[in-house]
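A.B. asks: My structure is below; once you've seen it, I'll send some questions.
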Amino acid sequence: MLWTTSKRRLRYILFIGLVLPGCLHFASEIQFNRDIRPILSDNCFACHGPDAAHRKAGLRLDTFSGARADLDGISAVVPGEPIKSELIARITANKPKDRMPPPETGKQLSEADKKKLHDWIAQGAIYEAHWAYRSPKRSVLPVVGDSAWPSGAIDYFILARLENANLSPSLPADVPTLVRRLHFDLVGLPPSPPLLRRLARSTDAYMKIVDELLAMPQFGERLASYWLDLVRYADTVGYHGDQDHAITPYRDWVIKAFNDNLPFDQFTAQQLAGDLLPGSTVNQKIASGYNRLLQTSHEGGVQKKEYLAKYSADRVRNFSSVWLGATMGCAECHDHKYDPFTQRDFYSLAAFFADVDDDQTFRGSNTLPTKREPEMQVVSPLVVEQTRLTRTMVTGRVKPRLIRILPRGNWMD
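The following block contains the structure:
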């Protein structure tokens, strides 16, 4: 239902009566990402966002062009003119049938939220790209009262926040405390008593400790633990059973990569496609074991094509969260309701991995360890001195499969 101009004007006048004190001047500029996007995302995007299949009334509020679109002579957002904006008319409506969000959704905007939307439109309704998709820019250092305290750029921001809160920085920590923090941060272990005694007799040992810790093999183990959590590393299957599988050389490769300070682009390429690199080395093939870490089943009655679809979807979910910092799982069934990913994007990314040999990943048994071809025998990077070979899963290439959408319910539908 489209409101008449008189109804909209009356509703606007009543609304202004509530927010007039704050509208005489804007306390600060409204920022879309900070102030407006959370309101629209929580209350509006499900019906007026990226998902075309569930979009109501043809209205998009997640884009500037969509919000300004002319829908039967009315626009949800008219920059600089809240009184002409259907968005303001709807969120301030008294009648339930006219109010947005609809009462049946259980969502309700606070007066503070309504005022933010009003002020934002009055200021020009400026949209911003999501912060995650904007190139970072170097910030200007804030002005601080005690310019002698900061020892680096980040200290200026810390001190500015402290001064704004009328607080003073804490006193510098003593050397043993700093060394303890360094140890836990870099290697995850406490410092030894002999080290603390050595520091007590030295004036410059603290700076040397940093280099010593970075050179320790435990540094790579410490950082690798975070990465292995992200890629869901495990020595066992963990889906239908806890059968062992051969993958520990991949773990050792990750540890060595951190200790060797392997550039991130190489770190990425070798894991995603180490087996496809020209003249790929044994270590690069070991790195490709990443593609074998995710969901797999050793259950005897699995349907091959069903599980190939499951594996593809699981790989997209993990890859997108680890390398893109985004959750694409929603787009498996529909265009994402909040992020700029479509269902086509999801299956296009699945097609990127369509040549990974997943057919053999469940050719195992309940014996320990299981055999999950393709595999290769290698000397693990961290146990070279043992001179014994161990098996590890690697990525094998096959003819790319056709990627199809797996609908909910019976996979054979």
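If you read the sequence shown in our numbering, its first letter stands for residue 214, the second for the next number, and so on.
The C-beta atom is built at its ideal place from N, Cα and C for all residues, glycine as well.
(1) Can you give me the C-alpha to C-alpha distance between Glu434 and Pro404, rounded to a whole angstrom?
(2) For Met606, report the span of its beta strand (DSSP E) as first-last.
(3) Please go through the same chain and pick out, in chain order, the residues whose beta-carbon is closer than 7 Å to the beta-carbon of Arg445, but skip the five residues on each side of it.
(4) Using CA atoms only, rank isn't needed, just tell me which of Gly538, Arg557 and Ala563 is closest to Tyr346.
(5) So His511 and Gly454 are supposed to be a Cβ contact under 8 Å. How far apart are they, rounded?
(6) Determine the extent of the alpha helix (DSSP H) in which Cys257 is found, giving its start and end residues.
(7) Kindly list the residues whose CB is nearer than 6 Å to the CB of Tyr340, restricted to its own chain and excluding five residues on each side of it in sequence; keep chain order.
(8) Distance, Cα to Cα, Ala325 vs Ala470?
(9) Determine contact between the segment 361-371 and the segment 389-407, defined as no fewer than three beta-carbon pairs at a distance below 8 Å.
(10) Mapping DSSP to helix, strand and coil, what is Ile249?
(11) Taking the straight line between their C-alpha atoms, what separation do you get for Ala266 and Val356?
(12) Using a Cβ-Cβ cut-off of 7 Å (strictly less than) and excluding sequence neighbours within five positions of Asp570, which residues of its own chain qualify?
(13) Closer than 6 Å by C-beta to Val388: which residues in its own chain qualify, once you throw out the five before and the five after it? Chain order, please.
(14) So, Ile499 versus Pro553, is the Cβ gap smaller than 8 Å?
(15) Whole angstroms are fine: how far does the CA of Ile252 sit from the CA of Ile468?
(16) If the criterion is Cβ atoms closer than 8 Å, does the pair Met313 and Ile301 meet it?
(17) Using alpha carbons as the reference points, say which of Trp440, Ala342, Asp264 and Thr605 lies closest to Thr449.
(18) If you check the beta carbons only, do Arg393 and Leu521 fall under 8 Å apart?
(19) Within the same chain, show all residues whose beta-carbon is closer than 7 Å to that of Ala525, passing over the 5 residues directly before and after it, in chain order.
(20) Considering only residues of the same chain and omitting the five flanking positions on each side of Asp527, which have a CB-CB separation below 6 Å?
(21) Are the CB atoms of Asp248 and Trp333 within a distance shorter than 8 Å?
(22) In its own chain, which residues sit with a C-beta less than 6 Å from the C-beta of Leu436, not counting the 5 before and 5 after it?
(23) Taking Trp440 as the reference, give the member of Phe480, Asp457 and Pro406 with the closest Cα.
(24) Tell me which same chain residues have a C-beta within less than 7 Å of the C-beta of Lys523, skipping the five on either side of it?
(25) In chain order, what residues of the same chain lie with their CB nearer than 7 Å to the CB of Ser534, ignoring the 5 residues before and after it?
(26) Just curious, the alpha helix (DSSP H) that Gln483 is in, first and last residue?
(27) Is the beta carbon of Glu242 less than 8 Å from the beta carbon of Gln321?
(28) Looking at C-alpha atoms only, which residue of Lys269, Leu443, Gln431 and Leu395 is the closest neighbour of Lys421?
(29) Taking the DSSP output, what are the residues bridged to Leu194?
(30) When the Cα atoms are used, what is the spatial distance from Asp568 to Gly502?
(31) Spatial neighbours of Leu274 within its chain, please: C-beta separation below 6 Å, excluding the five flanking residues on both sides.
(32) Within 10 Å of its beta-carbon, does Ala459 have 16 or more other beta-carbons around it, so buried, or fewer, so exposed?
(33) Would you tell me roughly how many angstroms separate the C-alpha atoms of Leu237 and Ser438, rounded to the nearest one?
(34) Which one or two residues does DSSP pair with Asp473 in a beta bridge?
(35) Taking DSSP's pairing of strands, which residues face Ala449 in a bridge?
(36) How many angstroms separate the CA atom of Ala378 from the CA atom of Ser364?
C.D. replies: On the basis of the data shown:
(1) Position 221 of the sequence shown, counted from the start, is the residue given in the question as residue 434. Position 191 of the sequence shown, counted from the start, is the residue given in the question as residue 404. Near 16 Å, if we compare the C-alpha coordinates of Pro404 and Glu434.
(2) Here residue 606 corresponds to residue number 393 of the sequence shown, with the count starting at 1. First-last of the beta strand (DSSP E) with Met606: Thr603 to Met606.
(3) On the sequence shown, position 232 is the one that residue 445 refers to. Taken in chain order, the residues that qualify are Leu506, Leu507 and Asn531.
(4) As a first step, residue 346 must be located in the sequence shown, where it is residue number 133. Checking every option, the nearest Cα to that of Tyr346 belongs to Gly538.
(5) Along the sequence shown, one-based indexing puts residue 511 at 298. Along the sequence shown, one-based indexing puts residue 454 at 241. Indeed, because the Cβ distance is near 6 Å, the residues count as touching under 8 Å.
(6) Walking along the sequence shown from the start, residue 257 turns up at place 44. Note, Cys257: premise wrong, no alpha helix (DSSP H); not H, not E.
(7) By one-based count along the sequence shown, residue 340 stands at place 127. Excluding residues within five positions, the ones whose Cβ falls inside 6 Å are Phe245 and Phe277.
(8) Locating residue 325 in the sequence shown gives position 112, counting from the first residue. Locating residue 470 in the sequence shown gives position 257, counting from the first residue. Using only the alpha carbons, I get a separation of about 50 Å.
(9) no
(10) Here the question's residue 249 lines up with position 36 in the sequence shown. Correct three-state label for Ile249: helix.
(11) Taking the sequence shown and counting its residues from 1, the one referred to as residue 266 is at position 53. Taking the sequence shown and counting its residues from 1, the one referred to as residue 356 is at position 143. Their backbone Cα atoms lie some 50 Å apart in a straight line.
(12) Stepping through the sequence shown from its first residue, residue 570 is reached at position 357. The answer, listed in chain order, is Pro587, Gly609, Arg610 and Val611.
(13) Position 175 of the sequence shown, counted from the first residue, corresponds to residue 388. Around Val388: Leu412 and Tyr419.
(14) Position 286 of the sequence shown, counting from 1, holds the residue named residue 499. Position 340 of the sequence shown, counting from 1, holds the residue named residue 553. No, they are not a contact pair.
(15) As a position in the sequence shown, residue 468 is number 255, starting the count at 1. As a position in the sequence shown, residue 252 is number 39, starting the count at 1. Near 43 Å, if we compare the C-alpha coordinates of Ile252 and Ile468.
(16) One-based indexing of the sequence shown puts residue 313 at position 100. One-based indexing of the sequence shown puts residue 301 at position 88. No; because the gap between Cβ atoms is not below 8 Å, this pair is not in contact.
(17) Residue numbering aside, residue 449 sits at position 236 when the sequence shown is read from its first letter. Of the candidates Trp440, Ala342, Asp264 and Thr605, the one whose C-alpha sits nearest the C-alpha of Thr449 is Thr605.
(18) Your numbering for residue 393 matches position 180 in the sequence shown. Your numbering for residue 521 matches position 308 in the sequence shown. No, the Cβ-Cβ distance between Arg393 and Leu521 is not below 8 Å.
(19) Mapped onto the sequence shown, residue 525 falls at position 312. A quick correction: the sequence has Ser, not Ala, at residue 525. Result list for Ser525: Ala563, Phe566 and Ile616, in chain order.
(20) Position 314 of the sequence shown, counting from 1, holds the residue named residue 527. Counting only Cβ-Cβ distances below 6 Å, and skipping sequence neighbours, we find Leu507 and Gln508.
(21) Taking the sequence shown and counting its residues from 1, one reaches residue 333 at position 120. Taking the sequence shown and counting its residues from 1, one reaches residue 248 at position 35. It is a contact, given that the beta carbons lie within the stated cut-off.
(22) As a position in the sequence shown, residue 436 is number 223, starting the count at 1. Excluding residues within five positions, the ones whose Cβ falls inside 6 Å are Phe471.
(23) Counting from one through the sequence shown, the residue named residue 440 turns up at place 227. Of Phe480, Asp457 and Pro406, the residue nearest in Cα terms is Phe480.
(24) For the purposes of this step, residue 523 is taken as the residue at position 310 of the sequence shown. Same-chain partners within the cutoff: Gln508.
(25) Working through the sequence shown from its first residue, we reach residue 534 at position 321. The answer, listed in chain order, is Thr540.
(26) As a first step, residue 483 must be located in the sequence shown, where it is residue number 270. Where Gln483 is concerned, the enclosing alpha helix (DSSP H) stretches over Phe477 to Ala486.
(27) Within the sequence shown, numbered from 1, the residue matching residue 242 stands at position 29. Within the sequence shown, numbered from 1, the residue matching residue 321 stands at position 108. Cβ atoms of Glu242 and Gln321: not closer than 8 Å.
(28) By 1-based counting over the sequence shown, the position of residue 421 is 208. Closest option to Lys421, Cα to Cα, is Leu395.
(29) Outside the shown range of the chain (214 to 626) lies residue 194, about which nothing can therefore be said.
(30) In the sequence shown, residue 568 corresponds to position 355, counting from 1. In the sequence shown, residue 502 corresponds to position 289, counting from 1. Each residue's Cα considered, the two are about 14 Å apart.
(31) Sequence index remark: in the sequence shown, residue 274 carries index 61 (1-based). Once the five neighbours on either side are set aside, the close Cβ partners of Leu274 are Leu253, Cys257, His261 and Ala280.
(32) Taking the first residue of the sequence shown as position 1, residue 459 is located at position 246. Burial call: buried.
(33) If you number the sequence shown from 1, residue 237 lands on position 24. If you number the sequence shown from 1, residue 438 lands on position 225. Bear in mind that a pLDDT of 44 at Leu237, under 50, signals an unreliable position, so the number given afterwards is only what the model happens to contain. Computed Cα separation, rounded: 54 Å.
(34) Residue mapping note: residue 473 aligns to position 260 of the sequence shown, counting from 1. DSSP output for Asp473 lists no bridge partner at all.
(35) Working through the sequence shown from its first residue, we reach residue 449 at position 236. Checking the sequence, you will find Thr at residue 449 rather than Ala. Paired residues: Asp457.
(36) The residue you call residue 378 lines up with position 165 of the sequence shown. The residue you call residue 364 lines up with position 151 of the sequence shown. Distance between the alpha carbons of Ala378 and Ser364 is about 21 Å.
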